[in-house]
Each structure stands twice: as structure tokens, then as C-alpha cells.
Amino acid sequence: MAPCLGALERHVRSFGHRSVRQDSTAGQRLIGRAIRRRPSRSLLKGVPVCTAFRDDARTAGHLFPKVAPYHLETHQTQNGLAKLVVRVLKFLAENERLLVVAASTMIMSLSHTALRPVLPTFAKSFGVGAAAVGSTISVYAIARLMMNLPAGMLADRYGRKPLLVWGPLITALGMIGCGMSGTFGQLLAWRWVTGIGSALQMAGAQLFLTDISLSTNRARTLGTNQAASLMGGLVGPAVGGLLADAAGLRAPFTLTGCAALAAAVYGWVRLPETMGLRARAATDAAVAAAEPAASRASQAETLQAETSGAEEAAKEQPPDLAVSGQQITAVKVADAAVDSLKENSTYNPRRMRPKRRKERPSWLLLLQSRDFGAIALVNALMFATANGSRSVLMPLLATQSFAISNTVLGLLYALMAVIALVGIMPAAFVADKLGRKWTIVPSCFGLAGSLLLMAVTGRQELFIGAMMLYAVANSCIGATPAAFAADVMPQSVSGFGLGMFRCAGDIGLMVGPALLGWIADMTSVQTALQVNAVVLVAAVSYFGLAARETKHLRVQQHMQKRAAAAAAAT
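Under my numbering, think of the first position of the sequence shown as 2, with each following residue one higher.
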């Protein structure tokens, strides 16, 4: 189908501004040919896979369910940005399940970020110091770190949908509990509950999107979810600040709790269960491949019947045309040799059998994988850089060395967030088209270069330019590391694997800010930025050398399994 659709697209482009519907019967014949070549049965039994960009699925078209009519209303334009917007809108329109998860993620992100301008002041109202205020963030991060791996295992056992419902529900309970806290200890306890709910929701969302995507569009699928999270992060602080000024410090907690509760209800009503989706697809593909094997088996039975008839006829031949005496003698000698071997005391039939190699568990193979270890290291460094250099060192350097006011600094950070939101989907397209490593490695080098430029420059405009370069490089990375991790992990332990992947990020979240802050105290902020850049370059260099490209790895694995199933059926 894909070559026909490619021919259709080339045909449409040749007509300029006219659409296929407005053209002659040639375009209609191409459309009819494309529809007639569409697979007649759905392999996924009603649960839609992320079906965006059919032209990307030339090697995996058998995984897609019922394909929507491929309408092309292409207008002649030289504006590449307009074409990109059209493709993004088509991607979103064709993937309802993705939009449902993205909406839930945006609501959860809004709930968490709405507390940023309120939580420190609310914690200070209990009469505690700055260190205790910081512990409200630390206890949330520790709860997430401790729950990441159990959440993945729960998803592998009970499914994705329970996590997408119970995660927001527990978060809502924690948010409302924080707003009703009477002591600082109660606030910390409810923040712990909030972290548990966040870990459950994140695990369910990532696994759900991994189930409905392929390696050819996984970066775009996860990138859409991350873009939704960024949108919630842009709106949340403003909503929380306005509500706190209008109704008091406890009001944002109640509002965010209600929003998380709405996300739980929304997920329970709209989301299907996707656990085992790929396994069912592989089974159906194997059954489809076994159908011609069954016909070949019937032919083999017919041939065997004919052969047995020929053998019966051979028995009726004269003795000189049957088995020769030399052949009978050879058989008797072989039987005698076997009998003498059995009489020998050293004969052991079990030792004569080939030893079966014990298959190692999938989770052990995952932990021993260089690909997974390399991407987990990069993920930890990314979190350490984002929460250490971006959130701690950049503000210190901007206010102390370049005399940038808090208002201007806030506007710069808002601009960085907008750049991240705008650039995440184009970067996901590049990751799906060219490969994950082509996105991760250059983007990390760009991050390191921006950190070095901040450390060595003495001009304010260059420092601001370095901040924007950091935002562009960060948006280019996007959700590509998560897509790479999903590509290399076995499907049977995908929940465990994504839990380990998030644990690596949370370790970077916990260690990075404290370690970089300690280096800045011992030396200088510039030195801490340089150390971060050097370590990041070393990690991404190891990733580039040790890890494989996984653009079509999942599709190749599926094709190999399908061929093996067909061979076994034969």
C-alpha cells in the first residue's frame, strides 16, 4: 500500500494547487488502487495503534489496524513551516487515544506546576527555615524514585489503565491533603502521597504510548505527550499565582486536587487497556503466516501418500530389485554396535543428549544491555543538567554576574519554555525519520556548548544567546531518549524497563543539583558549568559509540518473530 500512496502523493504534487478530488480520473484510479490494496483485516482487534504517517510504515504496515481513507488536500506552497503544521495536525487528528493521554498529562502537569509559586510561601507559613522548605521538593522526588520500579511492575501485571486512573486519583488525594495540612509534618506526608501518584501516572502514560506506537513514530508519539506536559507547565504557575492572590494560599491545592480527580475520571471513561497489544498483533500475524503453511502441509500429506504407495509397489518387486544384501549386513552391524554400547557401564543416554542452555530472564538481559545502560546514563545527565545548571546555576550567574533582574529572568525562562514547546515536535519528526542517535548526540553536544559559552562569556547578550541555545538543544532532544529506551527493551518487561529508565532520571534529579551546587560553593559557578559540560560530553560520547541505532529495530524484531513462527508452523 505504501508505494501506491507514495505514487499518489507524487501525482497530487504534480497538479499544484488542485486537489485529487478536483482532478481527472487518473487521481481517482490511484485512490481506488490504494484502497483496494489496504489490508482487509485488523490485526489488533479493535484497539487502534498510533497510525500517523502511513508513509513511515513501509516495513511495518501489517501492524496497523483499519487505515483511515488517505485524503490529500495538498496546496502548492513553498512554506516549509506550513507543511510541517499540516502534518502535525494530521498526526493529532488521526490519533484519538494519543490525544486522550496527552490531555490527562496536561491536566496533571498543570496541577503540579500551579503549586510552584505557592508551595514555598505555604511551607514558610509553618515557621520553618529554607532547608525545610526545600525538603517539600525532595520528599516528592524521593517518593517518585522509590515508586518508579514498582509502578512499572504493576503495569506489567495489572495493565496500563489502572495506573492512569489510580495515579491521578492518589495525586488528587495528596493535593487536597496538602491544602488541609495543619502542621509541617502533615504537609510532608501528603507531598509523599503526591509523589506516589505522579509516579503511577507517568508510568501508565509512557507504557500506554509505547504500546500504541511503532519505532517509526514513537518519538513523535512520546513527544506529543511531552508537549502537552509543557503546555500545562506554561499555564499552571500563572493559574496558581492568580488563585492564591484571590482566594488564599490553600485554594490552589484544592483546585489542583479537583483537576487531578478530573484526569482520573477522564482516563477511566476514555482510555482502553493496551497491555499485550503487541503480543496479540504478533500472534495474529503468525496465524496469518501459518495459513499458507497449512496448505503446504496438505500438499506434503498428499506427497507422502503417493510415496507410501510407491513403497508398497516396491515390495512386490523381485528380490534382486529390492534391498541388497550389503545394505542388510550394514544395518545388522550398526545394530550390534549400538547393543554393545548399551552394555558398556559408561553409557548414559542423558549425556548423549545436547545440553539445553537456560534462557536468562528478560529483566537480566535488559540490565546487561549496553544500549539501555548508555541511554539511562544520558537520561540521568539530562535530569542533572536541567535541575542543576538550568534551575540553580543559571539564575545565580544571571543575577550575580550579569545583573539581570528577576522580572527579565522570568521572561527569559518563559521564552525558553516556548522554544521547547515549539521545537519538540519537529525534533520528534527528525528522530523518527533519521534515527534516535542523530537527534540525541548532536543535541547533547549543543547543550554542552551552551553551558561552556555561559561559563566563559563576559557579555550579557552572549549569555542570553547561550540560554536560548540551551533551549533549542533541549527541545531537540525532547522525548527521544524515552523512545530509544522503549525500542531496546523486551516487550515482556517494558514496565520494568521504563521504571528503571525513570529511576535513572530521578537519581540525576536528586544528585545533580546538590553536587553542582557544592562544586559552585567550593570553586565558582563558572567552574560548575564547565564540569557539567565535560561530564555531559563524556556520557553522550559513550552513548554514540556503544549504543546501536534503533530506528527500525522493533520492526526487524517483529519480522524475525513472524518468520520464525511461520517456519515452526511449516
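By construction, the Cβ of each residue, glycine as well, lies at the ideal position given by its N, Cα and C atoms.
Distance CB(residue i)-CB(residue j) smaller than 8 Å
i, j, result
"T137", "L188", "yes"
"F544", "V431", "no"
"F373", "L150", "no"
"N380", "F254", "no"
"L530", "L394", "yes"
"F185", "A133", "yes"
"F446", "A399", "no"
"G242", "A418", "no"
"P482", "L367", "no"
"A265", "L170", "yes"
"L448", "T386", "yes"
"Y471", "R391", "yes"
"V494", "T551", "no"
"L410", "M232", "no"
"V102", "F209", "yes"
"P273", "G389", "no"
"A486", "L378", "no"
"A142", "D507", "yes"
Outcome for residue i when other beta-carbon atoms lying within 10 angstroms are tallied against a minimum of 16
i, result
"Q401", "exposed"
"H72", "Note on H72: pLDDT 39, under 50, position unreliable in the model; no value is reported."
"R460", "exposed"
"N407", "exposed"
"A53", "Note on A53: pLDDT 42, under 50, position unreliable in the model; no value is reported."
"A547", "exposed"
"A404", "exposed"
"A260", "buried"
"S126", "exposed"
"S182", "buried"
"K84", "exposed"
"W519", "exposed"
"T122", "exposed"
"M148", "buried"
"T524", "exposed"
"L82", "exposed"
"A248", "exposed"
"Q369", "exposed"
"R98", "buried"
"L517", "buried"
Candidates the options: closest to residue i by CA position
i, options, result
"T106", "Y141, A144, T225", "T225"
"L435", "L470, A245, N218", "N218"
"L164", "S139, A239, L201", "L201"
"L155", "T524, T172, A515, L499", "L499"
"L146", "L470, A173, I197", "I197"
"I108", "T172, A220, L82", "T172"
"R549", "S444, G518, M426, A375", "A375"
"K162", "V409, D507, Q207, G128", "Q207"
"L250", "L231, A124, S493", "A124"
"K438", "Y414, G479, A415, E462", "G479"
"T211", "M276, V535, A152", "M276"
"T458", "T528, G506, D507", "T528"
"L116", "T257, S370, A521", "T257"
"V473", "I420, T440, L517", "I420"
"A144", "M511, V532, A521, S525", "M511"
"L416", "S444, Q369, S476", "S476"
"G153", "T440, A534, C504, V536", "C504"
"G424", "L412, S444, L413", "S444"
"S199", "L262, A252, R158", "L262"
"A239", "L100, N533, S112", "S112"
"A229", "L100, G160, V129", "L100"
Integer-rounded CB distance, given that residue j should sit under 8 Å from residue i
i, j, result
"G175", "T195", "3 Å"
"G237", "S110", "7 Å"
"G509", "L382", "6 Å"
"M426", "R221", "7 Å"
"S451", "A428", "Actually they are not in contact, since the Cβ atoms of S451 and A428 sit about 16 Å apart, beyond 8 Å."
"W193", "V270", "Not a contact, Cβ separation roughly 29 Å."
"W191", "G178", "4 Å"
"L223", "A484", "5 Å"
Any chain C beta carbon closer than 8 Å to residue i
i, result
"S444", "In the structure shown, chain C cannot be found, because there is only a single protein chain."
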